[in-house]
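In the numbering used here, the protein residues as written are 257 to 447.
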């Protein structure tokens with residue numbers, strides 16, 4: 257079984273049927289599942305479900321495909337209809353490199369904030385993107401979590417809001433997986 261398309265972290269409930277995989281293996285997954293989440297957002301240790309319906313709020317399902325295979329950051333941003341990201345990546349190379357990097361979270365403001373950022377000088381534009389980027393995968397929860405941005409600013413976030421310094425933004429869409437990280441959509445710039 258491959259744990260993910262990129263092969264670098266596992267999804268806790270999705271399995272891919274590989275050539276030669278026995279039906280008995282899938283049947284066993286329906287009754288007992290022991291999985292260790294190795295890195296990234298699922299680094300929580302060993303998890304055991306004694307039966308398929310062990311937790312009422314969790315359904316473990318064996319599937320033979322990825323329900324929605326994560327795509328690159330650029331493709332994901334285009335799919336959520338946020339304009340001006342490609343104009344930014346054409347000016348600062350490390351933003352373009354995010355398509356091939358692993359373990360990052362981008363708190364992406366709306367198109368109008370990105371359009372305003374395009375008027376910045378290259379160094380200021382780099383600082384703008386760095387203020388929205390966390391160098392690890394961040395899946396948001398109801399509890400407040402604290403992180404540091406690439407520009408070494410303190411960032412606090414929950415499932416509904418994010419704050420850098422005295423600037424707050426509302427999370428408009430959260431935990432969008434890309435093939436290398438996580439995208440969090442926010443309603444305004446953090447820089």
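C-beta atoms are modelled at their ideal positions from N, C-alpha and C, and glycine is treated no differently.
Starting from the Cα of residue i, find the closest Cα among the options and give me that residue.
i: residue 415; options: 441, 421, 354 and 355; result: 441
i: residue 371; options: 443, 344 and 435; result: 344
i: residue 428; options: 436, 347 and 443; result: 443
i: residue 407; options: 373, 333, 434 and 388; result: 388
i: residue 390; options: 376, 336, 341 and 419; result: 419
i: residue 426; options: 404, 417, 350 and 432; result: 417
i: residue 361; options: 335, 394, 386 and 347; result: 394
i: residue 423; options: 340, 435, 409 and 336; result: 409
i: residue 337; options: 358, 403 and 368; result: 368
i: residue 405; options: 413, 421 and 386; result: 386
i: residue 346; options: 358, 374 and 335; result: 374
i: residue 335; options: 432, 446 and 358; result: 432
i: residue 435; options: 359, 341 and 339; result: 359
i: residue 446; options: 438, 412, 339 and 348; result: 412
Helix, strand or coil for residue i per DSSP?
i: residue 412; result: strand
i: residue 446; result: coil
i: residue 428; result: strand
i: residue 311; result: Since pLDDT at residue 311 reaches only 39, below the 50 mark, its modelled position is unreliable, and the value read off the structure follows with that caveat. If DSSP states are grouped into helix, strand and coil, residue 311 belongs with coil.
i: residue 423; result: strand
i: residue 418; result: strand
i: residue 332; result: helix
i: residue 297; result: Low local confidence applies: a pLDDT of 39 at residue 297 is under 50, so the model's placement there is unreliable, with the coordinate-based value given in what follows. The answer is helix: DSSP assigns residue 297 an H, G or I state.
i: residue 306; result: With a pLDDT of only 33 at residue 306, under the threshold of 50, the placement of this residue in the model should not be trusted; the figure read from the coordinates follows. Three-state result, residue 306: coil.
i: residue 320; result: With a pLDDT of only 44 at residue 320, under the threshold of 50, the placement of this residue in the model should not be trusted; the figure read from the coordinates follows. Three-state DSSP puts residue 320 in coil, outside helix and strand.
i: residue 287; result: Here residue 287 scores only 41 on pLDDT, less than 50, and its place in the model should not be relied on; the value that follows carries that caveat. Note: residue 287 maps to helix in three-state DSSP.
Run through the DSSP bridge pairs and tell me what residue i is partnered with.
i: residue 433; result: 438
**Asked** Is the region 347-358 touching the region 323-332 in the sense that three or more CB pairs, one from each, lie closer than 8 Å?
**Response** The way I'd put it, the region 323-332 does touch the region 347-358; three or more beta-carbon pairs between them come closer than 8 Å.
**Request:** Mind listing, in chain order, the continuous beta strand (DSSP E) runs of no fewer than 3 residues lying wholly within the region 334-410?
**Result:** List check, beta strand (DSSP E) in window: 360-364 and 401-404.
**Asked** So does the region 366-381 actually touch the region 396-405, counting three or more Cβ pairs closer than 8 Å?
**Response** Judged by Cβ distances under 8 Å, the region 366-381 makes no contact with the region 396-405, as fewer than three pairs qualify.
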